[in-house]
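Engineer: Residue numbers (my numbering), protein chains in the order written: chain R, 27 to 234; chain P, 12 to 247. Don't be surprised by glycine CBs; every beta carbon is placed ideally from N, CA and C. Note that the coordinates shown come from a computational prediction; the quantities given were computed from them, not determined experimentally.
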Amino acid sequence: MNRLIGGATALILATLAIPVASHADSNFTTGTGTITASAHLNFTVVIPQFVYARVSSGTTMAANGTIDTVTYTVPAASVGQGAFAATAGGDISPGVVSAQVIGNGGTVTFTATTAGPLSNGVAGQTISYAQMTSAATADAALPSLALLPAFTLVDGGTASQTLGATAGVTNDSAKWTFTYANANIVAAGTYGATVANNEQVTYTASMP
Amino acid sequence: MKTRTMQDHAHIRLVRAGRHRRGVIAMAAALVGVGGPAEAWILTMKAAPREIYVQVGAGTYTGGNYATSTGSGRTFKKTSGGKPGVNTTIDTVSVTVPAASVGTGTTQQMTSNSAVADSFYDGYATCNPPTEVYVGAWSQEPAGQTGVATLTVTSPANLTSGADTIPFSQISWTSTANGDTTADVAAGTFNGGSVALASIAANTWVEDCLTFTFKNSAIVAAGTYTGQAVYTVSQP
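(1) If we call anything under 9 angstroms between Cβ atoms a contact, is serine 145 of chain R one with asparagine 223 of chain R?
(2) Comparing alpha-carbon positions, which option in R/Gly108, R/Asp94, R/Thr95, R/Tyr78 lies nearest alanine 88 of chain R?
(3) Might you give, ordered along the chain, the residues of its own chain that have their beta carbon closer than 7 angstroms to the beta carbon of methionine 121 of chain P, omitting 5 neighbours on each side?
(4) Any beta carbon from chain R within less than 9 angstroms of aspartate 133 of chain P's own beta carbon?
(5) Name the two residues that bound the continuous beta strand (DSSP E) containing methionine 158 of chain R.
(6) Looking only at its own chain, which residues have a Cβ that is under 6 angstroms from the Cβ of serine 186 of chain P, when we skip the five neighbours before and after it?
(7) Alpha carbon to alpha carbon, what distance is there between isoleucine 128 of chain R and threonine 73 of chain P?
(8) Distance check for methionine 233 of chain R and proline 141 of chain P, CA to CA, integer angstroms please.
(9) Does asparagine 98 of chain P come within less than 9 angstroms of chain R when only Cβ atoms are used?
(10) In chain R, which residues lie with their C-beta within 9 angstroms of the C-beta of threonine 185 of chain P?
(11) Quick check on DSSP: helix, strand or coil for alanine 193 of chain R?
(12) I want to verify the contact list: residues of chain P whose CB lies under 8 angstroms from the CB of glycine 194 of chain R, in sequence order.
(13) With 16 as the cutoff for other CB atoms within 10 Å, does glycine 116 of chain P come out buried or exposed?
(14) Can you tell me which of the three DSSP states valine 221 of chain R falls into?
(15) Figure out for me which residue from R/Val134, R/Asn53, R/Thr228, R/Thr95 has the closest Cα to the Cα of threonine 196 of chain R.
(16) Do you know how far the Cα of glycine 84 of chain R is from the Cα of threonine 192 of chain P?
(17) Helix or strand or just coil, what does DSSP make of serine 180 of chain P?
(18) Starting from alanine 207 of chain P and walking both ways along the beta strand (DSSP E), at which residues does that stretch end?
(19) Give the straight-line distance between the Cα atoms of alanine 231 of chain R and isoleucine 230 of chain P, rounded to the nearest whole angstrom.
(20) Give a yes or no on whether the C-beta atoms belonging to alanine 125 of chain R and alanine 176 of chain R are separated by under 9 angstroms.
(21) What residue ranges within the segment 116-169 of chain R form continuous beta strand (DSSP E) runs of no fewer than 3 residues, ordered along the chain?
(22) Please tell me whether threonine 152 of chain R and tyrosine 98 of chain R are closer than 9 angstroms, where the distance is taken between their beta carbons.
(23) Quick one: which unbroken alpha helix (DSSP H) runs of 4-plus residues sit fully inside the segment 108-133 of chain P? Chain order, please.
(24) Along the chain, where does the beta strand (DSSP E) containing asparagine 53 of chain R start, and where does it finish?
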């Protein structure tokens, strides 16, 4: 209703005691009884799609170029004698790293790729990445929706896992503890340590 | 409703008395307003047949503004012949959250497509768009009537993007106006229901400028989330 309503109409509304209301973005209402007038305001929040991955040193929701190195210095008497804990490396403690994947575009594919087994630079002398086992436990420092599973690494290949999403959001985290299985007696040497000797695992999070 | 400074009290008394002795009052109000500090204002209107008006962002007045006023307190001087109109343009308040900030809890400033700076009360440059959105409402009553109108805002529970949602309670607002020390329209946060913004005395115009922020407290799915708030003035 508005100012253009004639006197006769206004009289009828008053008689019937019908509340008078109108709606727009500027508006006015006249009449007797309860009268209301409304205006509207629209709201829009745009959330871009993103995916974030962290393994060991990192900054939440930001790039961090630090690449950590997990090191096992095996005493001579322990070579080939079974599981051996890391002696250095990892942002939490030796062999223990923070791991997190966050995304808001639905299911995330998370992969770990190596160029080949760890080498000491001598042809034929290698340690398989299968010997670098890892286990995931909850990381209270990185609150998340789900535990981020650790990988079984593959020499010269890619291990992959699919991370589910809740309401379009993936937020998985864990502490990954790396252990050298140390199942075999291998030739003396420093395995890895350089990119050429396949020291590096590349973790990649992607959304379709 | 207003900051009760001594100067403001003086204004209130002058305006009320002015209905009976307009010549004397106009002079006194002008003296108070000249060179004075910024102050809360009371935008009075003449008694008239029962009518209410609300404007959020875009609005329409035909035939000029409602009145002319004097002084920094915008004391009513005389009507200008302007009449309220219907305007169906709905303005939009929006924000695009940077990808690296999604869900970090860093409050995001929102802006709007509103270009409304001036009040239809007297043409005063009340707001600073597009960050600020003008909100104004008034109630007129015949002489002797003292009914109090209310201004409220109602929101749905969520902004939506398909099946994904963001609670409307993630959006808050502050309220201010150029030269006004005390807001007429309350600051607040949407609650998925109704929020009281102002009580409007008979023959009074209230207005302020709202600046909105997005709380950004949770990671949500990518998308464009939309929702609409309804501002309603009601005179019982």
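Structural biologist: With the given structure in hand:
(1) Counting from 1 along the first sequence, the entry for residue 145 of chain R is found at position 119. Counting from 1 along the first sequence, the entry for residue 223 of chain R is found at position 197. In this structure, serine 145 of chain R sits near asparagine 223 of chain R, with a CB-CB distance shorter than 9 angstroms.
(2) Here residue 88 of chain R refers to the residue found at position 62 of the first sequence. Nearest option by C-alpha distance: R/Tyr78.
(3) The residue labelled residue 121 of chain P in the question sits at position 110 within the second sequence. In its chain, beyond the 5 residues on either side, Val104, Ser105, Val106, Phe223, Thr224, Phe225 have a beta carbon closer than 7 angstroms to the beta carbon of methionine 121 of chain P.
(4) The residue given as residue 133 of chain P occupies position 122 in the second sequence. Judged by the 9 angstroms Cβ criterion, aspartate 133 of chain P is not in contact with chain R.
(5) Taking the first residue of the first sequence as 1, we reach residue 158 of chain R at position 132. The continuous beta strand (DSSP E) containing methionine 158 of chain R extends over residues 158-163.
(6) Here residue 186 of chain P is taken as the residue at index 175 of the second sequence, counted from 1. Exclusion of the five residues before and after serine 186 of chain P leaves Ala194, Val196, Ala198, Asp219, Leu221 as the residues of its chain whose Cβ lies within less than 6 angstroms of its Cβ.
(7) The residue labelled residue 73 of chain P in the question sits at position 62 within the second sequence. The residue labelled residue 128 of chain R in the question sits at position 102 within the first sequence. Answer to the nearest angstrom: the Cα atoms are 54 angstroms apart.
(8) On the second sequence, residue 141 of chain P is found 130 positions in, with the first residue counted as 1. On the first sequence, residue 233 of chain R is found 207 positions in, with the first residue counted as 1. The straight-line gap from Cα to Cα measures roughly 36 angstroms.
(9) Here residue 98 of chain P refers to the residue found at position 87 when the second sequence is read from its first residue. At least one chain R Cβ lies under 9 angstroms of asparagine 98 of chain P.
(10) Position 174 of the second sequence holds residue 185 of chain P. Near threonine 185 of chain P there are no residues of chain R at all, since even the closest Cβ is about 15 angstroms away, more than 9 angstroms.
(11) Taking the first sequence and counting its residues from 1, one reaches residue 193 of chain R at position 167. Looking at alanine 193 of chain R - three-state DSSP - the assignment turns out to be coil, as it is neither helix nor strand.
(12) Indexing the first sequence from 1 puts residue 194 of chain R at position 168. The answer, in chain order, is Asp175, Val231, Ala232, Ala233, Gly234.
(13) Your numbering for residue 116 of chain P matches position 105 in the second sequence. Glycine 116 of chain P comes out exposed.
(14) Residue numbering aside, residue 221 of chain R sits at position 195 when the first sequence is read from its first letter. Valine 221 of chain R: helix per DSSP, three-state reduction.
(15) Here residue 196 of chain R refers to the residue found at position 170 of the first sequence. Threonine 196 of chain R has its Cα closest to that of R/Val134, out of R/Val134, R/Asn53, R/Thr228, R/Thr95.
(16) Sequence index remark: in the second sequence, residue 192 of chain P carries index 181 (1-based). Sequence index remark: in the first sequence, residue 84 of chain R carries index 58 (1-based). If I take the Cα positions, the gap works out to 46 angstroms.
(17) Counted from its first residue, the second sequence places residue 180 of chain P at position 169. Serine 180 of chain P: helix per DSSP, three-state reduction.
(18) Start at 1 with the first residue of the second sequence, and residue 207 of chain P comes out as number 196. Unbroken beta strand (DSSP E) run through alanine 207 of chain P: 205-211.
(19) In the first sequence, the residue the question calls residue 231 of chain R occupies position 205. In the second sequence, the residue the question calls residue 230 of chain P occupies position 219. In a straight line, the C-alpha of alanine 231 of chain R is about 17 angstroms away from that of isoleucine 230 of chain P.
(20) By 1-based counting over the first sequence, the position of residue 125 of chain R is 99. By 1-based counting over the first sequence, the position of residue 176 of chain R is 150. Yes, they are a contact pair.
(21) With a minimum length of 3 residues, the continuous beta strand (DSSP E) runs that stay inside the segment 116-169 of chain R are 122-129, 134-140, 158-163.
(22) Locating residue 152 of chain R in the first sequence gives position 126, where the first residue counts as 1. Locating residue 98 of chain R in the first sequence gives position 72, where the first residue counts as 1. Result no, Cβ atoms of threonine 152 of chain R and tyrosine 98 of chain R do not sit closer than 9 angstroms.
(23) Complete alpha helix (DSSP H) runs here, min 4: none at all.
(24) Along the first sequence, read from residue 1 onward, the residue named residue 53 of chain R stands at position 27. 52-56 is the span of the beta strand (DSSP E), which, as asked, contains asparagine 53 of chain R.
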